[in-house]
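Chains as they are written, first to last, in this note's numbering: chain F, 1 to 487; chain G, 1 to 157.
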Amino acid sequence: MVRLPYLTALTTLFSYGLLFAFGQLRDFFRKLIDWTKSKDLKGYAPICLGLEDFYTRRLYLRIQDCFGRPIASAPDAWFDVVERYSNDNNKTLHRTSNTTKCLNLGSYNYLGFAAADEYCTPHVIESLRKYSPGTCSVRVDGGTTKLHTELEELVARFVGKPAAILFGMGYVTNSAIIPALIGKGGLIISDSLNHNSIVNGARGSGATVRVFQHNNPSHLEEVLREQIAEGQPRTHRPWKKIIVIVEGIYSMEGELCKLPEIIAVCKKYKAYTYLDEAHSIGAVGKSGRGVCELLGVDPADVDIMMGTFTKSFGSCGGYIAASKEIIQYLKYTCPAHLYATSMSPPAVQQVISAIKIILGEDGSNRGAQKLARIRENSNFFRSELQKMGFEVLGDNDSPVMPIMLYNPAKIPAFSRECLRQNVAVVTVAFPATPLLLARARICISASHSREDLIKGLEVISKVGDLVGIKYFPAEPPKYEQDRKKLE
Amino acid sequence: MAKLYVQTVPPADLNKNTEWFVYPGVWTTYIFILFFSWLLALSVFCCTPGMAWTAVNLFHFAVTYHFFHWKKGTPFAEDQGMYNSLTWWEQMDNGKQLTRNRKFLTVVPVVLYLIASHTTDYQNPMLFLNTLAVMVLVVAKFPNMHKVRIFGINADH
């Protein structure tokens, strides 16, 4: 649910219309100018059919310097961003060898494991020497090391499920598991704002896909009732199985899922649940066990829990945790387990060390400190931004906070101006978000100190005034509030 | 005044080419664009108001026919060509006919026609062109014309 001033909605639609009109004009003149040039394709079909690449060529390439900035150091709280320049108005970008040190508000480094850590890094280097960077084999052939089995047991214990299975890439975990779990004749009901990996997996499985309104358990119930009553398309036979897919924290909204209500609805209609905890595992919850712990849901109620190691654990890869039977079944059907190379051993060791720190098994309380710090940091940052008058989405305790920009011209303005003042933010536009709801996504980390956050707030406030994104009235400064209380 | 707020929920439409049409302010923006293009036509051509409305009506016909009923597919590649045989009008609201948005878009050319023909006093060369424009547009928006390609014009190969 976003609230925006009506005038902003009108101007955003008008801006997109203008950009579209200019893009079409440019295409028209390009076609005129190239009319005489020979278009001999030698019998091959053209790569792009019709207008497929219109958005990329005419809208994305104009502000290409705001996306894909190369970095030259580990993504810690402060990192080096490589400077780039362009000679042809952003159509091609060239790297220089200069770097600027910027405050990192874009990497999802929630617990600060992205940079060198005093416990993790020595273990990782030792495992690199012992096991070497790659296993050069598939899990079923020779790619399962002692580290892999140790991590699978550790992940299962951490999440609260009987067994777990690992994969080398987080995106692949979703897009290769969903086709293995359900096929033609099944029904997938997924939240309308689910991540692209889930959408890809659902499309690739061949099952029928239906979408329910974001985070709306009553609409989910309506969709379930309608689909169960109708049955499969055309034959109207009952569905073979129904899986409902939701995420723990939605990466573009920062919102937590309404998990208890959704689980209650699914249990009532006997549908399976699949929870994607990519952004919430390790970052929320009192001991970091994710959204189930935070909302008080028993992990045994969720059928399949999926997560990735890229966000809170500073590594790469993903996992699925479920009952022993499901994991055993996945181990001999999932193509990502049978044909893809296994996770790199130093990456596995990084996750093992990170989970040990979070659980406190390394002998110190750094895990609990990190969890408390990220909670404090997120709540402080979010409340300060809201006090300044920005429109910030997301629930309390969630480390992801998108600041709404709406207007397409404000995306490059915000991004470039922040970079000039040495703060690196990530801006997201269409097609990752709906057309009109462009935003700048801030990810808070446990490695940000209070001074870093205050500097970030100052810069964002100044840039917000320049760009004009303070859509809500700001809170009056403190001494006036105290005076009002006395009267 | 500029701070009148509206609330919106992201729609459950999966087709990113048409889901922007359900946001608040779309109809108002459309009407404002038509009104401002009338003012623009008046100031550029220095003609009578009736001729300006006729110019707007014909330009509106050309633009909306081209983008709603001629161009097929979507301007981005993420949906892997699922809608490559459907025009924008056919993709709207997932193919459901007679929704509020479709009814609004059918009424706008008719209202434009009435304004244009009234302000030109129903005189002849303009009346013929305006009538032709509104007839083509309204017929193209009928529910029975969904996915119909007359004489194979604009059909897929």
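Glycine is no exception: its CB is placed at the ideal position from the N, C-alpha and C atoms.
In the three-state scheme derived from DSSP, where H, G and I count as helix and E and B as strand, L187(F) is classed as strand. For Q7(G), the number of other beta carbons within 10 angstroms of its own is below 16, and it is reported as exposed.
Its chain contains Y406, N407, Y471 as the residues whose beta carbon lies nearer than 8 angstroms to that of T8(F), once the 5 sequence neighbours on both sides are disregarded; these appear in chain order. Proximity of V423(F) to chain G, defined by a Cβ-Cβ separation below 7 angstroms, is not satisfied.
Beta-bridge partners of I177(F) (DSSP): none assigned. At a cut-off of 7 angstroms, the C-beta of A77(G) has a neighbouring C-beta in chain F. Flagged as an interface residue toward chain G: P431(F), by a C-beta distance shorter than 7 angstroms. Secondary structure in the stretch 296-325 of chain F: the beta strand (DSSP E) runs of 3 residues or longer, each lying completely within the stretch, are 304-308, 318-322 in chain order. Residues of the stretch 7-21 of chain G whose Cβ lies closer than 7 angstroms to any Cβ of chain F, in chain order: Q7, T8, V9, P10, A12, L14, K16, E19, W20. Look at S378(F) here: in three-state DSSP terms it is helix.
Excluding residues up to 5 positions away in sequence, S127, Y131, P345, V348, Q349, I352 lie with their Cβ nearer than 8 angstroms to the Cβ of L147(F) in the same chain.
Per DSSP, the continuous beta strand (DSSP E) segment holding M401(F) begins and ends at 400-404.
In the displayed model, P5(F) falls within a strand according to three-state DSSP.
Close CB contacts of R149(G) within its chain, under the 8 angstroms cut and outside five residues either way in sequence, are with A155 (chain order). Secondary structure at E384(F): helix, using DSSP grouped into helix, strand and coil.
In this model, Y65(G) and W38(G) are separated by some 19 angstroms (Cα to Cα). Around the CB of P133(F), fewer than 16 other CB atoms lie within 10 Å, so the residue is classed as exposed. Annotated three-state conformation of C266(F) is helix, per DSSP. In this structure V209(F) touches S190(F) by the C-beta definition: roughly 7 angstroms separates them, less than 8 angstroms. Under the three-state reduction of DSSP output, W70(G) falls in the helix class. Per DSSP, reduced to three states, the secondary structure at E391(F) is coil, with no helix or strand assignment. The C-beta of L19(F) comes no closer than 7 angstroms to any C-beta of chain G.
Not a single CB atom of chain F sits nearer than 7 angstroms to the CB of T120(G). Closest by C-alpha distance to L466(F), out of I177(F), W239(F), I320(F), E417(F), is E417(F).
In the structure shown, A72(F) falls within a coil segment according to DSSP collapsed to helix, strand and coil.
Remark: three or more beta-carbon pairs, one from each stretch, lie closer than 8 angstroms, so the stretch 434-454 of chain F and the stretch 370-381 of chain F are flagged as touching. Under DSSP, H94(F) shares a beta bridge with Y85(F).
Residues of chain F whose Cβ lies closer than 8 angstroms to the Cβ of I33(G) are, in chain order, F14, G17. Below the 9 angstroms Cβ cutoff, chain F contributes P5, Y6, L7 as neighbours of L4(G), in chain order. Taking 7 angstroms as the cut-off, the Cβ atoms of I326(F) and D301(F) do not count as close. Burial check for I125(F): the Cβ neighbour count within 10 Å stays below 16, so the residue is exposed.
The residue among M145(G), L114(G), F142(G) with its C-alpha nearest the C-alpha of N130(G) is L114(G). With respect to A114(F), G314(F) sits close: the two C-beta atoms are nearer than 7 angstroms. Of all C-beta pairs linking the stretch 32-45 of chain F to the stretch 78-94 of chain F, fewer than three are shorter than 8 angstroms, placing the two stretches out of contact.
Pairing W88(G) with F61(G) gives a Cβ-Cβ distance that is not under 7 angstroms.
For the pair A336(F) and A176(F), the CB atoms are nearer than the 7 angstroms cut-off.
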